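Asker: Each residue of the sequence shown is one higher than the one before, starting from 21 at the first, in this note's numbering.
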Amino acid sequence: MGPPEIHHAITSRGHLNPGSPGVVFDRFELGLPDLVRNVWVVRWRLDRPLTQRVLNYPALNVVVEAGPQVDGSHHTGLHGPQPHVTERTLTGTGWAVGVLFRPAATPLLTDLVDTGLLGVDVAFHDAPSTRLAAAMTGESEELRGILQEWLTPLADRVDAAGRLATSAAVIAEERADITTAAALADAVHASVRTVERVVRRHTGFTPKQLIECRRMQDAATQLYTEPDTDLSTLAADLGFTDHAHFSRRYRGVIGETPGRTRAAGRAARG
21 MGPPEIHHAI
31 TSRGHLNPGS
41 PGVVFDRFEL
51 GLPDLVRNVW
61 VVRWRLDRPL
71 TQRVLNYPAL
81 NVVVEAGPQV
91 DGSHHTGLHG
101 PQPHVTERTL
111 TGTGWAVGVL
121 FRPAATPLLT
131 DLVDTGLLGV
141 DVAFHDAPST
151 RLAAAMTGES
161 EELRGILQEW
171 LTPLADRVDA
181 AGRLATSAAV
191 IAEERADITT
201 AAALADAVHA
211 SVRTVERVVR
221 RHTGFTPKQL
231 IECRRMQDAA
241 TQLYTEPDTD
251 LSTLAADLGF
261 TDHAHFSRRY
271 RGVIGETPGR
281 TRAAGRAARG
């Protein structure tokens with residue numbers, strides 16, 4: 021029996037401060053569910069610098085973005101999963117369009133595997149970047165058509181190991197009752213060893229890290245958007261034995277203390 025078929029709605033838990041003034045953020049599905057989670061488009065016009073905080077999903081992004089000069093230049097990069105919160109400061113006027121891929125896409129985009137994927141940030145030359153940059157002045161349907169033309173042939177090459185890795189990542193993210201690697205393996209109808217191997221190859225994470233990423237995304241988003249959240253209650257809701265255990269794991273995964281996330285959320289509210 022293969023992994024279960026996965027259906028889920030687009031969410032934005034990885035973006036820890038959505039809705040910032042001066043920034044317009046949109047996303048849409050591409051109709052290639054085995055390969056692409058979603059396409060995201062951001063445009064900004066800012067009077068002062070704005071720091072964006074992101075906890076990435078365990079998958080690759082290919083991003084085309086405006087160059088530092090307002091001359092039509094652009095840059096395309098391949099960005100790997102990052103287990104910690106990352107920050108990027110936006111200034112002036114700009115845009116970016118990105119494809120958030122499923123884990124199944126990893127071997128179709130790069131030769132990197134396992135922990136070599138984590139935090140990778142390299143130039144990417146296989147995307148139709150010039151056409152995408154030109155389409156940023158038009159409608160999203162033009163973007164959609166260019167991306168479908170590029171990515172449909174790749175979607176046809178997704179294999180069984182890739183689908184298993186994607187199923188494991190989606191279930192780890194969406195099912196709060198999955199708290200161990202063994203439970204995750206049962207959910208995708210595979211052995212623990214097999215799940216360990218394919219998940220690490222396609223995401224750089226272990227199955228346990230996938231599960232912790234989901235729990236910590238939930239925690240980080242709540243602490244940022246609701247800074248007065250009681251930590252003991254939050255820890256219990258997420259299945260931790262006590263506040264101290266939660267705080268240690270939070271810092272290990274997110275890269276900062278719960279208090280730092282709270283402070284950032286309060287500062288964002290002025």
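C-beta atoms are modelled at their ideal positions from N, C-alpha and C, and glycine is treated no differently.
These numbers were taken from a predicted model, which means no experiment stands behind them.
What did DSSP end up calling E85 once you bin it into helix, strand or coil?
Answerer: Here E85 sits in strand by DSSP.
Asker: Can you tell me where the alpha helix (DSSP H) with P242 in it begins and where it stops?
Answerer: Rather than Pro, the amino acid found at residue 242 in this sequence is Gln. P227 to T245 is the span of the alpha helix (DSSP H), which, as asked, contains Q242.
Asker: Kindly confirm or deny that the region 119-134 and the region 243-256 touch, where touching means at least three C-beta pairs closer than 8 Å.
Answerer: The region 119-134, when compared against the region 243-256, does not touch it at the 8 Å Cβ threshold.
Asker: For G51, which three-state DSSP category applies?
Answerer: Coil, per DSSP.
Asker: Report the partner residues of V43 according to the DSSP bridge assignment.
Answerer: W64
Asker: In the DSSP assignment, the beta strand (DSSP E) including T186 goes from what residue to what residue?
Answerer: Here T186 belongs to no beta strand (DSSP E); instead the alpha helix (DSSP H) covers A180 to E194.
Asker: Hey, G97 and A155: beta-carbon distance below 8 Å or not?
Answerer: No; because the gap between Cβ atoms is not below 8 Å, this pair is not in contact.
Asker: Apart from the five residues on each side of it in sequence, which residues of its chain come closer than 8 Å, Cβ to Cβ, to E161?
Answerer: Cβ within range, chain order: n/a, list empty.
Asker: Using the C-alpha atoms, what's the distance from G279 back to A205?
Answerer: 34 Å
Asker: Taking the C-alpha atoms as reference points, what is the distance between P101 and L137?
Answerer: 7 Å
Asker: Apart from the five residues on each side of it in sequence, which residues of its chain come closer than 6 Å, Cβ to Cβ, to V219?
Answerer: A185, A188 and P227
Asker: Around the Cβ of P376, are there at least 16 other Cβ atoms within 10 angstroms (buried) or fewer (exposed)?
Answerer: Since the first residue shown for the chain is 21 and the last is 290, residue 376 is missing from the structure and cannot be characterised.
Asker: Can you give the beta carbon distance from L167 to V119, rounded, assuming they're within the 8 Å contact cut?
Answerer: About 7 Å; that satisfies the 8 Å criterion.
Asker: Compare the C-alpha of D67 against each of G42, W60 and P53 and name the closest.
Answerer: G42
Asker: What does H94 pair with, by DSSP beta-bridge criteria?
Answerer: According to DSSP, H94 bridges with A86.
Asker: Quick check on this structure: which residue in S149, F225 and H263 has the alpha carbon closest to the alpha carbon of H95?
Answerer: S149
Asker: In whole angstroms, what is the alpha-carbon distance linking V117 and N58?
Answerer: 11 Å
Asker: Can you check the region 113-182 for any beta strand (DSSP E) of at least 3 residues that lies completely inside it and give the ranges in chain order?
Answerer: Correct list: 113-121 and 141-143.
Asker: Who does N58 pair with in a DSSP beta bridge?
Answerer: L120.
Asker: Considering only DSSP beta bridges, list what R73 is partnered with.
Answerer: E107
Asker: Just grab the DSSP bridge partners of H99 for me.
Answerer: N81 and D141.
Asker: Which residues in the same chain as R271 place their Cβ atom closer than 6 Å to its Cβ, once the five residues preceding and following it in sequence are excluded?
Answerer: T277
Asker: Tell me which same chain residues have a C-beta within less than 7 Å of the C-beta of I191, skipping the five on either side of it?
Answerer: Only I198, L204, A207 and V208 meet the Cβ criterion.
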